[in-house]
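*Asks:* This structure is in structure tokens; I'll ask about it shortly.
Numbering (this note's numbering), first residue to last: 89 to 439.
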């Protein structure tokens, strides 16, 4: 079983550790929720149940006055910020990304779950060794760099190290368990057809019950075979908003996203910026720098489409999407609530 670690976060893309401060450190003001304006509280009440909006992490000092009552360090927020984050009227989910770089124990998951209300859900990334056919040449992979990965789509490993701690630790607060397949040569996966076969066998062998989701980062893998395989094993596709994938609407159509158990979306980057460029431009993530209204409108429409089908919707947003993930979530919530109201008015007018 994986070694237990305390509930710290890792950087979404680099995996750099955010170390918590030593216990008992004096002088640090406790992290509390930011004041909630009445308009925001009303928005939270009007946002339909089953719509889980949130961010990719919660450890950003720049969110002072938006999510937190004062500016705390990233390390303090990693340790104390989750409870305050979950108090926000619109933020009903959050990503746990450290699990992509290494599995954590059920007790570590349970520590997260204890900090949030019963209505909150976590979106968790599965350990990357489940989804890498070959280890990248990045230095952080050490002696494994460039080597074939024996644990790729290895159901026994995924069950023991990933699924069971997730289920046992989070319980009813478990949302999607996302198996993210980073960009990699489709031929290293055996080609699209062989990839689909292995994916189907993998999920068929995992324990039933959890909400599994698959995110691919190669457009070539968005085949009819993939859509059929995911539907057959009851796995939700992830609609990934970033430059190297088709528009969200096309992804939804290719993957039959609205027929899945839940709609899962990850809004990561603007269409014209890479990760490092966006981080440099948008830090400290305390306001919307480049509002992406077209993407926001599309996400609101797919959310409304899922609501009409009584499907739960999970949308996590990165700071690098528009400049401040919680502010993006508020704007998206406003658009969803408005769309819901307009639909109700049209129904009333037609009767």
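Even for Gly, the Cβ is constructed at its ideal location relative to N, Cα and C.
Mind checking residue 282: buried by the 16 CB within 10 Å criterion, or exposed?
*Replies:* Counting from one through the chain shown, the residue named residue 282 turns up at place 194. Classification of residue 282: exposed, given that the 10 Å Cβ count is below 16.
*Asks:* Give, in chain order, every unbroken run of the alpha helix (DSSP H) that is at least 4 residues long and sits entirely within the stretch 334 to 402.
*Replies:* Correct list: 336 to 343, 363 to 370, 381 to 396.
*Asks:* Quick one: residues in its chain with C-beta nearer than 7 angstroms to the C-beta of residue 170, no 5 flanking neighbours on either side, listed in chain order?
*Replies:* Along the chain shown, read from residue 1 onward, the residue named residue 170 stands at position 82. Excluding residues within five positions, the ones whose Cβ falls inside 7 angstroms are 146, 200, 203, 204.
*Asks:* Could you tell me the distance, in whole angstroms, from the CA atom of residue 269 to the CA atom of residue 430?
*Replies:* If you number the chain shown from 1, residue 269 lands on position 181. If you number the chain shown from 1, residue 430 lands on position 342. Taking the straight line joining both Cα atoms gives about 38 angstroms.
*Asks:* Can you give me the Cβ contacts of residue 293 inside the same chain, cut-off strictly under 6 angstroms, excluding the 5 residues immediately before and after it?
*Replies:* The residue given as residue 293 occupies position 205 in the chain shown. Once the five neighbours on either side are set aside, the close Cβ partners of residue 293 are 243.
*Asks:* Given residue 258, which residues of its chain have a CB within under 8 angstroms of its CB, disregarding the five upstream and five downstream residues?
*Replies:* As a position in the chain shown, residue 258 is number 170, starting the count at 1. Closer than 8 angstroms at Cβ, skipping near neighbours: 197, 198, 200, 201, 210, 212.
*Asks:* Am I right that residue 304 and residue 329 are in contact with their C-beta atoms under 8 angstroms? What's the rounded C-beta distance?
*Replies:* Along the chain shown, read from residue 1 onward, the residue named residue 304 stands at position 216. Along the chain shown, read from residue 1 onward, the residue named residue 329 stands at position 241. Wrong, their Cβ atoms sit about 14 angstroms apart, outside the cutoff.
*Asks:* Whole angstroms are fine: how far does the CA of residue 224 sit from the CA of residue 230?
*Replies:* Looking up residue 230 in the chain shown gives position 142. Looking up residue 224 in the chain shown gives position 136. Taking the straight line from one Cα to the other gives about 10 angstroms.
*Asks:* Using a Cβ-Cβ distance under 8 angstroms, would residue 298 count as near chain B?
*Replies:* In the displayed structure, chain B is absent; only one protein chain is listed.
*Asks:* Assign residue 126 to one of two classes, buried (16 or more other C-beta atoms within 10 Å of its C-beta) or exposed (fewer than that).
*Replies:* Stepping through the chain shown from its first residue, residue 126 is reached at position 38. Exposed, by the Cβ-count rule.
*Asks:* Give the range of the alpha helix (DSSP H) segment to which residue 290 is assigned.
*Replies:* As a first step, residue 290 is located in the chain shown; it is residue number 202 there, counting from the start. That run of the alpha helix (DSSP H) goes 279 to 293.
*Asks:* Residue 381: buried (16+ other C-beta within 10 angstroms of its C-beta) or exposed?
*Replies:* Within the chain shown, residue 381 is the residue found at index 293, counting from 1. By the neighbour-count rule (16 or more Cβ atoms within 10 Å), residue 381 is not buried but exposed.
*Asks:* Tell whether a beta-carbon distance below 8 angstroms holds between residue 374 and residue 151.
*Replies:* For the purposes of this step, residue 374 is identified with residue 286 of the chain shown, where counting begins at 1. For the purposes of this step, residue 151 is identified with residue 63 of the chain shown, where counting begins at 1. Their beta carbons are under 8 angstroms apart, which means residue 374 touches residue 151 by this criterion.
*Asks:* Would you list the one or two residues that DSSP bridges to residue 181?
*Replies:* Within the chain shown, the letter at position 93 stands for residue 181. DSSP lists 142, 209 as partners of residue 181.
*Asks:* Where residue 155 and residue 342 are concerned, what is the direct C-alpha to C-alpha distance, given to the nearest angstrom?
*Replies:* The residue you call residue 155 lines up with position 67 of the chain shown. The residue you call residue 342 lines up with position 254 of the chain shown. Using only the alpha carbons, I get a separation of about 36 angstroms.
*Asks:* Let me know the secondary structure DSSP gives residue 109 once reduced to three states.
*Replies:* Here the question's residue 109 lines up with position 21 in the chain shown. The predicted model places residue 109 with a pLDDT of 40, which falls under 50 and marks its position as unreliable; any figure quoted below should be read in that light. Here residue 109 sits in coil by DSSP.
*Asks:* Check residue 268 in the structure and name its three-state DSSP category.
*Replies:* Position 180 of the chain shown, counted from the first residue, corresponds to residue 268. Looking at residue 268 - three-state DSSP - the assignment turns out to be strand.
*Asks:* In the DSSP assignment, what are the bridge partners of residue 156?
*Replies:* The sequence position of residue 156 within the chain shown is 68, counting from 1. Partner(s): 121, 152.
*Asks:* Exposed or buried, which one is residue 439 when buried takes at least 16 other CB atoms within 10 Å?
*Replies:* If you number the chain shown from 1, residue 439 lands on position 351. The residue is exposed, with fewer than 16 neighbouring Cβ atoms inside 10 Å.
*Asks:* Residue range of the alpha helix (DSSP H) that residue 129 falls in?
*Replies:* Reading the chain shown from its first residue, position 41 is the one you call residue 129. Taken as a continuous stretch (DSSP letters only), the alpha helix (DSSP H) holding residue 129 covers 126 to 134.
*Asks:* Please report the distance separating the alpha-carbon of residue 166 from that of residue 435.
*Replies:* Here residue 166 is taken as the residue at index 78 of the chain shown, counted from 1. Here residue 435 is taken as the residue at index 347 of the chain shown, counted from 1. Answer to the nearest angstrom: the Cα atoms are 45 angstroms apart.
*Asks:* Which residue's Cα is closest to the Cα of residue 238: 221, 250, 226?
*Replies:* One-based indexing of the chain shown puts residue 238 at position 150. The shortest C-alpha separation from residue 238 is found at 221.
*Asks:* When the Cα atoms are used, what is the spatial distance from residue 163 to residue 299?
*Replies:* Sequence index remark: in the chain shown, residue 163 carries index 75 (1-based). Sequence index remark: in the chain shown, residue 299 carries index 211 (1-based). Cα to Cα, residue 163 sits roughly 30 angstroms from residue 299.
*Asks:* Could you check the C-alpha separation between residue 288 and residue 321 for me, to the nearest Å?
*Replies:* Translated into the one-based positions of the chain shown, residue 288 becomes position 200. Translated into the one-based positions of the chain shown, residue 321 becomes position 233. Computed Cα separation, rounded: 7 angstroms.
*Asks:* In whole angstroms, what separates the C-alpha of residue 427 from that of residue 414?
*Replies:* Locating residue 427 in the chain shown gives position 339, counting from the first residue. Locating residue 414 in the chain shown gives position 326, counting from the first residue. Going by the C-alpha atoms only, they are around 20 angstroms apart.
*Asks:* Suppose contacts are defined by Cβ-Cβ distances below 8 angstroms. Is residue 493 in contact with residue 143 by that definition?
*Replies:* No answer is possible for residue 493: the residues shown for the chain start at 89 and end at 439.
*Asks:* In whole angstroms, give me the CA-to-CA distance for residue 137 and residue 233.
*Replies:* Here residue 137 refers to the residue found at position 49 of the chain shown. Here residue 233 refers to the residue found at position 145 of the chain shown. Straight-line Cα distance between these residues: approximately 45 angstroms.
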